[in-house]
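Student: First the structure, then my questions, so here it is.
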Amino acid sequence: MPTHVLILGAGFGGLELAARLSESGDPSLRVTLVEQSDAFVFGFAKFDVLFGRRTFDQVKCPYRDVSLAGVQFRQERVTSVEPRTRRVVTDRAAYRPDVLVVALGATYEPAATPGFAEDGFEFYSLPGADRLRRRLASFAGGEIIVAILRVPFKCPPAPYESALLLHEYLVERGLRDASSIEVITPMDSPIPVSPAASAAIVAGLAEHGIRYTPRHRVREIDPVAHVAHLKSETRRYDLFIGIPAHRVPTVVEESGLTAGGTDGWIAVDRRTLATPYPNVYAIGDCADAPSPAPACLPRPRREPSPTTSSRPSTAQGRLPRTTAEARATSSSGAAASAGWTPTSSPARHRPRRSSDRRSSSPPRKPSSPRAASADGSPPRVTSCRIIASELRDLGRGGLT
Ligand SMILES: Cc1cc2nc3c(=O)[nH]c(=O)nc-3n(C[C@H](O)[C@H](O)[C@H](O)COP(=O)(O)OP(=O)(O)OC[C@H]3O[C@@H](n4cnc5c(N)ncnc54)[C@H](O)[C@@H]3O)c2cc1C
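Numbering (numbering that gives the first Met the number 0), first residue to last: 0 to 399.
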């Protein structure tokens with residue numbers, strides 16, 4: 000009987016793991032990938048939607064175009080996870096795999112900041128980016144606040160990138176002189192693990208006349224008076240853009256997997272990404288793990304040194320190696336017109352033949368849950384851990 004690996008979530012983490020298992024060519028594995036959406040979307044593609052460069056449909060990479068030998072894709076919504084028994088129920092089926100990998104990412108909690116749901120805008124979700132795009136179209140100048148509402152959050156550079164892009168947008172529309180932009184963050188610096196990148200960001204903001212207010216948190220906003228309340232200060236605004244509070248999806252919370260994790264994230268062995276439950280793993284943003292944390296979800300505690308902020312998965316040449324590479328792939332138009340190409344290696348997209356398997360490294364059977372990763376190392380997620388090195392480009396104008 001093949002070992003059945005069930006991966007929940009086909010974002011960066013789930014998709015990368017599924018691709019690695021597929022590429023292992025191991026006939027003793029049967030992989031099922033469950034995902035509620037019909038398409039993958041790169042996080043940074045939300046900027047394209049926000050600034051009207053591409054439409055919703057153009058940034059979607061449909062899963063139907065992804066072919067991974069040995070991986071069955073099921074478009075289903077996970078409704079319950081029972082980690083003790085590894086029983087998973089979706090809106091269409093029930094599973095009891097040998098190995099369960101939870102890669103359900105992070106979701107947002109706008110209501111955590113009073114007034115934000117009523118009068119705030121965000122661009123971290125596709126609908127949010129589209130809504131903000133429409134609001135910007137009618138913006139006639141005024142005071143803009145970009146506020147990080149809670150830590151941790153995905154992609155630390157994104158708020159600063161948004162402020163710089165807003166600057167550019169307002170300049171193009173002849174509204175910059177009639178506007179102010181301020182970034183408010185509870186953090187000490189933009190990228191705590193990279194002082195150099197942080198310094199470059201802070202300098203870039205200053206250079207573009209964007210006010211930067213660290214160590215301050217917007218606690219609530221008054222949707223009627225259009226005033227943001229900080230601890231002992233207030234700010235009037237015409238447009239409030241928040242990076243909403245993040246949390247695990249409800250189905251993860253209800254599973255009990257977050258018990259023992261920091262601040263509501265899934266507790267994992269930081270080396271193997273194993274949860275306390277046998278043969279149950281958590282990867283990516285939902286996991287309370289160190290390697291994605293420096294860039295994806297900056298955590299207030301237990302931050303590793305910059306040297307641990309590697310990008311092991313990307314180093315394998317699977318998904319784009321850098322954000323710039325991914326952006327180039329993604330925005331080349333090829334993804335939209337000829338189907339998604341999430342890797343620099345075309346080999347992934349052609350049907351696998353048995354000869355392909357022979358030519359690759361010898362198949363291995365997972366001897367333990369740790370071997371859920373094809374190369375025997377702990378499963379790892381490709382995501383914005385690349386940021387620290389990516390930001391080296393910042394000083395050279397990489398963000399614009
Ligand atoms: C604006 C923005 C810009 C970003 N820019 C970058 C960047 O430049 N570079 C970079 O590396 N990273 C960037 N990121 C961060 C990156 O997108 C995330 O860190 C990464 O997607 C996390 O991967 P993941 O697999 O943990 O979660 P996700 O990619 O979020 O995947 C989770 C998946 O689980 C699915 N799911 C959730 N609940 C259910 C359910 N109940 N049933 C079934 N499926 C479910 C979701 O639909 C989703 O597909 C950016 C993020 C944002 C918001």
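Positions of the beta carbon are idealized from the N, C-alpha and C atoms, including for glycine.
Taking the C-alpha atoms as reference points, what is the distance between residue 165 and residue 69?
Tutor: 44 Å
Student: With three or more beta-carbon pairs closer than 8 Å as the criterion, would you say the stretch 119-138 touches the stretch 251-262?
Tutor: Contact between the stretch 119-138 and the stretch 251-262 is absent, with fewer than three C-beta pairs closer than 8 Å.
Student: Grab the span of the alpha helix (DSSP H) containing residue 56 for me, first residue to last.
Tutor: 55-58
Student: How should residue 246 be labelled, buried or exposed, when 16 other C-beta atoms within 10 angstroms of its C-beta is the threshold for buried?
Tutor: buried
Student: Does ligand 1 have even one heavy atom less than 8 Å from the beta-carbon of residue 72?
Tutor: Residue 72 Cβ: outside cutoff for every heavy atom of ligand 1.
Student: Got a sec: does ligand 1 put a non-hydrogen atom nearer than 8 Å to the Cβ of residue 250?
Tutor: At least one heavy atom of ligand 1 is nearer than 8 Å to the Cβ of residue 250, so yes.
Student: With DSSP as the reference, label residue 4 as helix, strand or coil.
Tutor: strand
Student: Specify the secondary structure class of residue 143 as computed by DSSP and reduced to three states.
Tutor: DSSP places residue 143 in the strand class (E or B) of the three-state scheme.
Student: Roughly how many angstroms lie between the CA atoms of residue 0 and residue 270, to the nearest whole one?
Tutor: 29 Å
Student: Here's the rule: buried if 16 or more other CB atoms are within 10 angstroms of the residue's CB, otherwise exposed. What is residue 162?
Tutor: buried
Student: Just to confirm, are residue 147 and residue 158 a CB contact at a threshold of 9 Å?
Tutor: yes
Student: From residue 123 to residue 104, what does the alpha carbon distance come to, in whole angstroms?
Tutor: 13 Å
Student: Considering only C-alpha positions, which residue in the set 192, 243 and 215 is nearest to residue 232?
Tutor: 215
Student: Candidates 262, 278 and 227: which alpha carbon is nearest residue 3's?
Tutor: 278
Student: Return the first residue and the last residue of the alpha helix (DSSP H) that residue 197 is part of.
Tutor: From DSSP, the alpha helix (DSSP H) with residue 197 extends over 194-206.
Student: DSSP three-state call for residue 19: helix, strand or coil?
Tutor: helix
Student: Is it true that the stretch 260-268 meets the stretch 167-180, where meeting means three or more beta-carbon pairs spaced less than 8 Å apart?
Tutor: no
Student: For residue 206, count the other beta carbons within 10 Å of its own beta carbon; 16 or more makes it buried, fewer makes it exposed. Which is it?
Tutor: Exposed is the call here.
Student: State the DSSP-derived secondary structure class of residue 13, mapped to helix, strand or coil.
Tutor: Helix, per DSSP.
Student: Using the C-alpha atoms, what's the distance from residue 180 back to residue 208?
Tutor: Each residue's CA atom was taken as its position, placing residue 208 and residue 180 some 8 Å apart.
Student: In the DSSP assignment, find the alpha helix (DSSP H) that holds residue 221 and state where it starts and stops.
Tutor: Here residue 221 belongs to no alpha helix (DSSP H); instead the beta strand (DSSP E) covers 219-221.
Student: Any heavy atom of ligand 1 within a distance shorter than 8 Å of the CB on residue 36?
Tutor: Answer for residue 36: yes, Cβ within range of ligand 1.
Student: Between the stretch 106-115 and the stretch 188-205, are three or more C-beta pairs nearer than 8 Å?
Tutor: no
Student: From what residue to what residue does the alpha helix (DSSP H) around residue 32 run?
Tutor: Annotation for residue 32: no alpha helix (DSSP H) segment contains it, though the beta strand (DSSP E) segment containing it runs 28-34.
Student: The beta strand (DSSP E) with residue 274 in it runs from where to where?
Tutor: That residue, residue 274, is in no beta strand (DSSP E); it is neither H nor E in DSSP.
Student: Report, in whole angstroms, the separation of the C-beta atoms of residue 225 and residue 236, which I expect to be a contact under 8 Å.
Tutor: 6 Å
Student: So, is residue 121 buried or exposed, given that buried needs 16 or more other C-beta atoms within 10 angstroms?
Tutor: buried
Student: Quick one, are the C-beta atoms of residue 126 and residue 220 less than 9 Å apart?
Tutor: At the C-beta level, residue 126 and residue 220 stay beyond 9 Å of one another.
Student: Taking Cβ to Cβ, would you say residue 248 is nearer than 9 Å to residue 285?
Tutor: yes
Student: Name, in chain order, the residues that DSSP records as bridge partners for residue 39.
Tutor: 60
Student: In terms of residue numbering, what span does the alpha helix (DSSP H) encompassing residue 225 cover?
Tutor: Residue 225 -> no alpha helix (DSSP H), and no H or E assigned at all.
Student: Nearest-angstrom Cα distance between residue 217 and residue 128?
Tutor: For the pair residue 217 and residue 128, the Cα-to-Cα distance works out to about 21 Å.
Student: Put residue 80 into one of helix, strand or coil per three-state DSSP.
Tutor: strand
Student: Does the Cβ of residue 31 have 16 or more other Cβ atoms within 10 Å, making it buried, or fewer, making it exposed?
Tutor: buried
Student: Taking the alpha-carbon positions, what's the residue 20 to residue 6 distance?
Tutor: 11 Å
Student: In the structure shown, what three-state DSSP assignment does residue 256 receive?
Tutor: coil
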